[in-house]
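In short: position in the sequence shown from 1, add 252, done, that's this note's numbering. Beta carbons: idealized from backbone N, C-alpha and C, even for Gly. To start, the structure under review is shown below, and the notes come after it.
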Amino acid sequence: MSGAKRAILGLLEERGANKTICPSEAARILAGSNRNWRDYIEDVHLAVDVLISEKAISLSWKGEPKQERRGPYRIARRP
Numbered sequence: 253m254s255g256a257k258r259a260i261l262g263l264l265e266e267r268g269a270n271k272t273i274c275p276s277e278a279a280r281i282l283a284g285s286n287r288n289w290r291d292y293i294e295d296v297h298l299a300v301d302v303l304i305s306e307k308a309i310s311l312s313w314k315g316e317p318k319q320e321r322r323g324p325y326r327i328a329r330r331p
């Protein structure tokens, strides 16, 4: 499992049921304390695509479901 997938799933586990995370939160974990998290956002986007294909997560924006990763989005664990 990639570091980005672990970061996403770990954050969702910490956050709890019916909660969402921002992709940048996972990128910040990958970046650590002294790095630019934006350097890791593409890794997070790719991991999101894999997790969507595995039906492990769903996406939304402002409470509305999104069918694909496009524009701003939040990540949730699928029920």
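- Going by Cα to Cα distance, which pick from K314, A259 and D301 is closest to A279? A259
- Could you give the residue range of the alpha helix (DSSP H) that holds S254? Element bounds for S254: n/a, residue is neither H nor E.
- DSSP on R322, reduced to helix/strand/coil? coil
- Mind checking R329: buried by the 16 CB within 10 Å criterion, or exposed? buried
- Item | Three or more C-beta pairs below 8 Å linking the stretch 296-316 and the stretch 254-272 | yes
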